[in-house]
Amino acid sequence: MTSYKNLGLVNSRELFQKAMAGKYAIPAFNFNNMEQMQAIVQACVETKSPVILQVSSGARKYANQTLLRYMAQGAVEYAKELGVNVPIVLHLDHGDTFELCKSCIEYGFSSVMIDGSHLSYNDNVALTAKVVEYAHQYDVTVEGELGVLAGIEDDVVAEHHTYTEPSQVEDFMKKTGVDSLAISIGTSHGANKFKPEQCTRNADGILIPPPLRFDILKEIEQRIPGFPIVLHGSSSVPQDQVAIINKYGGAIKDAVGIPEEQLRQAAASAVCKINIDSDGRLAMTAAVREMFATKPAEFDPRKYLGPARDSLKALYKHKIENVLGSANRI
Ligand code: G3H
Ligand code: 13P
Ligand code: ZN
């Protein structure tokens, strides 16, 4: 058993309390490799933002849990070396079993998500409560989920949203003891969050998605005031990055995300954690494609992963400073 406290990591409790009081959201960025880690740490150091490093079960399989744990420990040390003590949470994203959550806690994660959103309400309550009981013994914080996002969550494909039912949140919170709750109000995973027929088009032909259900969020806030809410599927799918990808041989069609203005509005509410992964994938892919197309003689991975890392860092700084509001909150 390795306690995250010995790795210099923190759980999410205090970060969420501050985010709630300050009306901003903590960025939750997914990672599975070194360049992403460098981009995250550099962006957070330069903006003085706390951060949640997220590992999905797919990322854990891809990169190895032990290696990722040491990378998170390395991130703490790297930030210090750059001169800023960045509060860093190491979080399991979309944990689907008690055993996976337990294993991550034993390996040094400071926070876990148990995603029982695809189960019946009672089974979700039972599984989430079991994870909370175990995690809290080690002062590890737990995120639960109520409601199902449309899109792809690992191997689970949900065709339609099932919005969170506000009447269930208080009971769920009390019965499970979770520290935060992911809700479904119209966000969705991936780069194609909505089908074109669900959207309208502006004068330039750009797809405009249906607005988030702020009415549901408001009702949830009224029922559990001061309780930290999490938004998954919150990439905005920058059209300039999609255009670069497609210009240099990519084939990303009808990609549409959540407008940043709506995320800004969410961050000023009880939403304390905003998950962003797809935007980073697009930024890296655009930079790599551009390098391959414009500098075909290069074959040193640093020559294309370096620009990808720089583009990712710029994206993270933009999110922190202009969307989530977490800059200068250390
Ligand atoms: O919510 C899903 C995250 O974007 C992680 O995606 O399971 O492909 O690593 P992944
Ligand atoms: P995006 O696919 O919108 O980046 O969402 C990521 C996410 O929710 C990770 O859990
Ligand atoms: Zn998610």
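Quick note: the sequence shown uses my numbering, first residue -11, plus one each step. Glycine residues also receive a C-beta, built at the ideal position from the N, C-alpha and C atoms.
Notebook entry, point to check: Just curious, the alpha helix (DSSP H) that residue 184 is in, first and last residue?
Noted result: Looking at the DSSP string, residue 184 is not in any alpha helix (DSSP H), and its letter there is neither H nor E.
Next item on the list: Express the C-alpha separation of residue 276 and residue 259 in angstroms, rounding to a whole number.
Entry: 33 Å
Item checked: Any non-hydrogen atom of ligand 3 within 7 Å of residue 132 CB -> no
Next item on the list: Would you check if the distance between the CB atom of residue 86 and the CB atom of residue 115 is smaller than 8 Å?
Entry: yes
Next item on the list: Kindly indicate which residue of 306, 58, 153 has the alpha-carbon position closest to the one of residue 135.
Entry: 153
Checklist line | Opening and closing residue of the beta strand (DSSP E) in which residue 155 lies | finding: No beta strand (DSSP E) contains residue 155, which is instead part of the alpha helix (DSSP H) from 154 to 164.
Check: To which residues of the same chain is residue 142 closer than 8 Å at the C-beta, ignoring the five residues directly before and after it?
Finding: Legend: pLDDT at residue 142 = 44, less than 50; position of this residue unreliable, value from coordinates given subsequently. Cβ neighbours of residue 142 beyond the five flanking positions: 44, 45, 46, 82, 84.
Notebook entry, point to check: Is the CB-CB distance between residue 157 and residue 123 below 8 Å?
Noted result: no
Note to self: Tell me the residue span of the alpha helix (DSSP H) that contains residue 33.
What the structure shows: 22 to 35
Check: Mapping DSSP to helix, strand and coil, what is residue 149?
Finding: coil
Next item on the list: Take residue 58 as the anchor and find which of 252, 196, 251, 21 has the nearest alpha-carbon.
Entry: 21
Margin query: Tell me the rounded alpha-carbon separation between residue 91 and residue 55.
Written below: 14 Å
Note to self: Considering just the uninterrupted stretch of the alpha helix (DSSP H) at residue 88, what are its terminal residues?
What the structure shows: 86 to 95
Next item on the list: Entirely within the stretch 183 to 219 and at least 4 residues each: give me those alpha helix (DSSP H) ranges in chain order.
Entry: 202 to 211
Notebook entry, point to check: According to the neighbour-count rule (16 or more other Cβ atoms, all chains shown, within 10 Å of its Cβ), is residue 210 buried or exposed?
Noted result: exposed
Next item on the list: Could you check if residue 127 is buried or exposed, using at least 16 other CB atoms within 10 Å of its CB as the buried criterion?
Entry: exposed
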